[in-house]
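Counted the way our numbering counts, the sequence shown spans residues 152 to 482.
The block underneath contains the structure these notes are about, expressed in structure tokens.
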Amino acid sequence: MAQVASALHTYITYALLGSGLAYFLAVLLVRALRVDEPITRTRLMYLCLGVPLVAYLLLHGLLPGLGLFKATTPGQASVRGIVGVACQLGYWGSKLLFPFLATVLGLVLARILLQALAVRQVVARYGWAPVERYPLLQDVLSSVCPRMGVAVPRVVVIPQIHWVCYTFGTLRPVLVMSEGALALLQEEELEAVVAHEAAHIRRRDAFTCGMAAMLRDMMFFTPVAHWSYGVLLQEKEKAADDLAVKVTEKPVTYGSTLIKVWRQTCCGQPRRRPWRLVADPCSHFLWESGSISSRVARILEPPRKRRSSFRSQVMLLTILLVVTFALSFAC
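Next up, the structure:
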């Protein structure tokens, strides 16, 4: 029990200090270097969520001898600086959360299980869409997916008049759409929506967002985790926009489709059902917290010269090393 409490104390300290420092450095570098690539921003937010766990494994698993000194001993009244304050907060946090550790882990695992069950419920309830009934959708999928470099996903069509469109699954992705969404879209508009969903499949957003949500839930006690997750969701939509426009080469149609879907969902759209919140933890194409105006504006802008991915890798490695070094002074 003492070892578990000690590990929990260290993890809470790393989560408070590491995620905060990583988020600060990410924002600083984005503004200083004028980073506007959604892919780079998405990776930075992933790092903010994952760096406490990575640092913990490095400092207490692979490199246990890297720690330089302890800012304070857990439980002492005196602390030194920000590191000491974080260590002290981690100590008291472990005291408060230790009795509920099993509950927290159970809730995280329950979320994963409910997602799997909800996916099965969708497929079992509505079944696979027959090809002959939705020929236009199948033609668009057969045209867009090879250009996107992904296999044609299986399709589930929900008999609803309201807008429903999202994908789930990593190894065997599934596209879910409502009959209302299919009736709303013309062929070129349907191509834009399908390209966006295919971009999510190519980027494996269903898996990465699920992992990000799990890391956020494991750090529920720090607001930085929720900020990072919110930014991540917005940036991944922009990254999917860029990839979809690159494949379809129709930015005007894509932007007009975004506006059309936004207008449709803002007029009489019902609240999302609980099962869909679980099956679709990362809503696609029209994310509620995203700014439609900013997405449309950046889509219609002239294409910018893509910057080297080497700079992105250097930024990620720099933040990881700085945060890990700073945490080596902590508990």
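Glycine residues also receive a C-beta, built at the ideal position from the N, C-alpha and C atoms.
This one's a predicted model, so the numbers in the text were calculated from it and none came from an experiment.
Which listed residue (Leu204, Glu188 and Gly171) has its alpha carbon closest to that of Thr161: Leu204
Evaluate contact between the segment 385-396 and the segment 185-205, counting only Cβ atoms and requiring at least three cross-stretch pairs below 8 Å. Yes: at least three Cβ pairs fall under 8 Å.
In the structure shown, what three-state DSSP assignment does Met370 receive? coil
Does DSSP put Pro193 in a helix, in a strand, or in coil? The question names Pro, yet the displayed sequence has Thr at residue 193. Helix.
Between Leu179, Leu168, Leu184 and Leu198, which has its C-alpha nearest Leu366's C-alpha? Leu198
If you run the structure through DSSP and keep just helix, strand and coil, what is Phe480? coil
As a quick exercise: from Val301, Leu210 and Gln311, pick the residue whose alpha carbon is nearest that of Ala349. Val301
Let me know the secondary structure DSSP gives Ile470 once reduced to three states. helix
Neighbourhood of Thr359 by C-beta, 6 Å cutoff - its chain only, sequence neighbours within 5 removed: none
When you compare only the Cα positions, how much space is there between Val375 and Met196? Roughly 10 Å separates the two Cα atoms.
Ignore the nearest five residues each way along the sequence and tell me which others in His201's own chain have a CB closer than 7 Å to its CB. The identity of residue 201 in the sequence shown is Gly, whereas the question assumes His. Excluding residues within five positions, the ones whose Cβ falls inside 7 Å are Leu366.
At the level of alpha carbons, what is the spacing between Leu288 and Leu333? C-alpha separation (whole angstroms): 8 Å.
Given this structure, state the Cα-to-Cα distance separating Ala166 from Asp356, to the nearest angstrom. 24 Å
Cα-Cα separation, Ala481 to Arg182: 28 Å
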